[in-house]
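Novice: In order, the protein sequences belong to chains A and B.
All residue numbers for the first sequence refer to the numbering used here, where the first residue is 8 and numbers rise by one.
All residue numbers for the second sequence refer to the numbering used here, where the first residue is 28 and numbers rise by one.
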Amino acid sequence: MDQVVATLLNTMSEQLGAMIAVLGAGIAAGFAGSGSAIGIAIADEAAAGVMTEDPGKFGLALLLLALPGTQGIYGLLAAFFAILKVGLLGGAAVKVTIWQGIGIFGSLMPIAIACYYSAVAQGKASAGAILLISKRPEEIGKAVILPAMVETYAVLALLLSIILMNSIKL
Amino acid sequence: MAQAESYGYTVARLRAMENRLLDSGAFQRMLDAEDLQGALKVLNETCYSSWLVEMKNEGAFDGAIEAELNYVYREIGQFVPDKALVTLCKMPYDFHNIKVLLKSSFLQKSGGARRWDLLTRLGNVSPEFLIESLESEDYRLLPFGLRSAVPQCLAQWEQFHDILEIERQLDDLLFSEMLKLAAKLERKGVVEWVRGRIDAENVRNLLRLRRMQVENTRIAGFLHEGGIISVERLLSLTGEPLESWGRLLAYTDLTGALSELQEIADFDRLIVDVEKSLDDYVLRVVEQTRFSSTSPEYVLYYLWLKEMEAKNVRIILVGKANGASRDVLRGLLRHVSG
């Protein structure tokens, strides 16, 4: 009996590190994706309102609607990096200690948190920009730049997450 | 009240609808028209065109203006998350209808003709229902406190024959009901807008009463409670020369509207100018909401712009029908462009 428990504990400790990293990857992709979904929904409402009166604005609105969607892609990208690092997507098996797993989990937090909030904020900014083009379609260039400013912080979070993940030696 | 976030669609749609409001160029072209026919021709190129084709004769443009306003109210009522915002804007029309019906009934009693042609379909309650209620003396289903106010007004008329007092009571009820409804919506901006309208009405009343040389002791009754500026403060103006009103109210946003009072040459002209400034003041109360993409107050802002547009169209068409000069008409136009 003692031997069975010892084997179980040993197996758990060998795999727990990888599982913590996987949990981090799930949270990163989940939060970033949720933020994007909310952000796009906010911008969608504004676009639907404008297009009810002026369907010709679809092309311009689509550009602004796509912006909050990028955070979801960043989250997915960071999650891929993490599961590649722990060898779950093919290649040689990698042994991940609990501390390394926690390290990977922590490195994914910037992307999870920043992408969630920046996507929601970018959705609001895009909604405002859609109102701008409803009145002044010729200002589409400026209208895209305004919500794109919010994107900066999602990109910085992605950068930091990748740097932190690379700094963990397996 | 619905969450502000649920106004994303509404505000965006209203923003797009704002593009269809008549701009200064359209008003200018109407003003430049030779006569009423020319002005109607310009109007026919705008969103009013679908109603103009239903006009029986050139003089029936009021029906087209009312139809356009009615269409906008109906349309917005279908997609705004809080229908009470539209109800709030339409409420003065219900009270207008009640006043018309009561006055018609008084006129009829003294052998005159009833003026149902002055009724409007812009109210929350249909004119037919109001007529039926008054004719059958069944006031139970009348909304906005009219259930008890109408029999009171009838009794008041029987006793004193004082139409001014009846109008005063109904206006008092209108503003208290508007405030009550605005408070239910739990939006500071909506309440402020109603309070701004009360201020505008109070200042308008003060000026009219001064023109009529009504004694200062009687003025208090014609001022409505609930405005941003207290009745006491407004009453203190009655003893002051008109030129100093703007200075005495310098701490309020009304001071801009009262700047017209600096140059008093013709009192009638002055009242017209101040009324125009007061309409702009009501717009300014909710003007900052146009910078938000989810502000419920934007519904009030848009509807007020639409009302002002209709007012401008009416001013120009009535002016053209009566041969008024272009400069006089231009001076009467309200601010419309958003």
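Every residue gets a Cβ at the ideal spot worked out from N, C-alpha and C, and that includes glycine.
#1: For the alpha helix (DSSP H) that contains residue 37/B, what are its first and last residues?
#2: Please classify residue 101/B: is it buried, with 16 or more other beta-carbons within 10 angstroms of its beta-carbon, or exposed?
#3: Just to confirm before moving on: does the CB-CB distance between residue 146/A and residue 40/B stay below 8 angstroms?
#4: Taking 8 angstroms as the CB-CB limit, is residue 57/A close to chain B?
#5: With DSSP run on the structure shown, which of helix, strand or coil describes residue 80/A?
#6: For residue 138/A, which residues in the same chain have their Cβ closer than 8 angstroms to its Cβ, ignoring the five residues on either side in sequence?
#7: In three-state DSSP terms, what is residue 149/A?
#8: Is the beta carbon of residue 133/A less than 8 angstroms from the beta carbon of residue 171/A?
#9: Listing by chain order, which chain A residues have their CB less than 8 angstroms from the CB of residue 75/B?
#10: Chain B beta carbons: is any one of them nearer than 8 angstroms to that of residue 21/A?
#11: If you measure between the beta carbons of residue 127/A and residue 28/A, is that distance less than 8 angstroms?
#12: Tell me, please, whether the CB atom of residue 131/B is closer than 8 angstroms to any CB atom in chain D?
#13: Using a Cβ cut-off of 8 angstroms, pull out every chain B residue sitting near residue 53/A, in sequence order please.
#14: Looking only at C-alpha atoms, which of 156/A, 50/A, 84/A and 76/A sits nearest to residue 68/A?
#15: Quick check: residue 115/A and residue 25/A, are their CB atoms within less than 8 angstroms of each other?
#16: Would you verify that the beta carbon of residue 138/A is, or is not, closer than 8 angstroms to some beta carbon of chain B?
#17: So for residue 19/A, helix, strand or coil by DSSP?
#18: Out of 47/A, 77/A, 64/A and 168/A, which one is the CA nearest neighbour of residue 86/A?
#19: Kindly indicate if chain B contains any beta-carbon less than 8 angstroms away from that of residue 134/A.
#20: For residue 249/B, which residues of its own chain have a beta-carbon under 7 angstroms away from its beta-carbon, when the five flanking residues on both sides are left out?
#21: Flag residue 43/B as yes if its beta-carbon sits less than 8 angstroms from any beta-carbon of chain A, otherwise no.
#22: Just to make sure I have the definition right: I need the residues of chain A whose C-beta is within less than 7 angstroms of the C-beta of residue 339/B. Which are they?
#23: Please list, in chain order, the chain B residues whose beta carbon lies closer than 9 angstroms to that of residue 49/A.
#24: By DSSP, does residue 93/B sit in helix, in strand, or in coil?
#25: For residue 303/B, does the three-state DSSP call read helix, strand or coil?
#26: For a contact defined as C-beta to C-beta under 8 angstroms, what are the partners of residue 232/B on chain A?
#27: List, in chain order, every chain B residue whose beta-carbon is nearer than 9 angstroms to that of residue 145/A.
#28: Which first and last residues belong to the alpha helix (DSSP H) in which residue 331/B is found?
#29: Considering just the uninterrupted stretch of the alpha helix (DSSP H) at residue 72/B, what are its terminal residues?
#30: Which value, in whole angstroms, describes the spacing of the CA atoms of residue 108/A and residue 327/B?
#31: Is the number of C-beta pairs between the region 219-227 of chain B and the region 309-328 of chain B that are closer than 8 angstroms three or more?
#32: Smallest Cα separation from residue 231/A: which of 105/A, 111/A and 148/A?
#33: Just to confirm my understanding: we take residue 361/B, look at its own chain, exclude 5 residues before and 5 after, and list those with CB closer than 7 angstroms. What are they?
#34: How close, in whole Å, do the beta carbons of residue 79/B and residue 91/B come, if the pair is a contact with beta carbons under 8 angstroms?
#35: Measure the alpha-carbon distance for residue 80/A versus residue 40/A and round it to whole angstroms.
#36: Pick out the complete alpha helix (DSSP H) segments inside the region 67-125 of chain A, 4 residues or longer, and give them in chain order.
Specialist: For this structure:
#1: Judged by DSSP secondary structure, residue 37/B falls within the alpha helix (DSSP H) whose first and last residues are 35-45.
#2: With fewer than 16 Cβ atoms within 10 Å of its Cβ, residue 101/B is classed as exposed.
#3: Not in contact: residue 146/A and residue 40/B (Cβ atoms no closer than 8 angstroms).
#4: Taking Cβ atoms only, chain B reaches closer than 8 angstroms to residue 57/A, which makes this a yes.
#5: Residue 80/A: helix per DSSP, three-state reduction.
#6: Same-chain partners within the cutoff: 53 and 57.
#7: In this structure, residue 149/A counts as helix in the three-state DSSP scheme.
#8: Against a cut-off of 8 angstroms, the Cβ pair of residue 171/A and residue 133/A comes out as no contact.
#9: Correct list: empty, because the minimum Cβ distance to chain A is about 17 angstroms.
#10: So no, residue 21/A is outside the interface.
#11: Not a contact, by the Cβ cut-off of 8 angstroms.
#12: Looking for chain D here will not work: the only protein chains present are A and B.
#13: Ordered by position in chain B, the residues that pass the 8 angstroms Cβ test against residue 53/A are 35, 36, 38, 39 and 320.
#14: Nearest neighbour of residue 68/A by Cα position, chosen from 156/A, 50/A, 84/A and 76/A, turns out to be 50/A.
#15: The answer is no: Cβ separation not under 8 angstroms.
#16: At a cut-off of 8 angstroms between beta carbons, residue 138/A contacts chain B.
#17: In the three-state scheme derived from DSSP, where H, G and I count as helix and E and B as strand, residue 19/A is classed as helix.
#18: Answer by Cα proximity: 168/A.
#19: For residue 134/A, at least one C-beta of chain B is nearer than 8 angstroms to its own C-beta.
#20: If we look at residue 249/B and ignore the five residues flanking it on each side, its Cβ neighbours are 195, 232 and 236.
#21: Closer than 8 angstroms: yes.
#22: The premise fails here: residue 339/B is roughly 20 angstroms from chain A at the closest Cβ pair, so nothing lies under 7 angstroms.
#23: Identification of chain B residues near residue 49/A by a Cβ-Cβ cut-off of 9 angstroms yields 32, 35, 320 and 321, ordered along the chain.
#24: Residue 93/B: helix per DSSP, three-state reduction.
#25: Note: residue 303/B maps to helix in three-state DSSP.
#26: Within 8 angstroms Cβ-Cβ: nothing; residue 232/B doesn't reach chain A, min ~37 angstroms.
#27: Neighbours of residue 145/A on chain B: none; closest Cβ ~13 angstroms, over 9 angstroms.
#28: Residue 331/B -> alpha helix (DSSP H) spans 324-348.
#29: Segment: none, residue 72/B is in no alpha helix (DSSP H) and carries neither H nor E.
#30: C-alpha separation (whole angstroms): 56 angstroms.
#31: Segments in contact, yes.
#32: A question about residue 231/A goes unanswered here, because the residues of chain A that appear run from 8 up to 177.
#33: In its chain, beyond the 5 residues on either side, 303, 306, 307, 335, 338 and 339 have a beta carbon closer than 7 angstroms to the beta carbon of residue 361/B.
#34: Right, the Cβ-Cβ distance comes to about 5 angstroms (below 8 angstroms), so this counts as a contact.
#35: Taking the straight line from one Cα to the other gives about 8 angstroms.
#36: Counting only runs of 4 or more residues that sit fully inside the region 67-125 of chain A, the alpha helix (DSSP H) segments are 77-92, in chain order.
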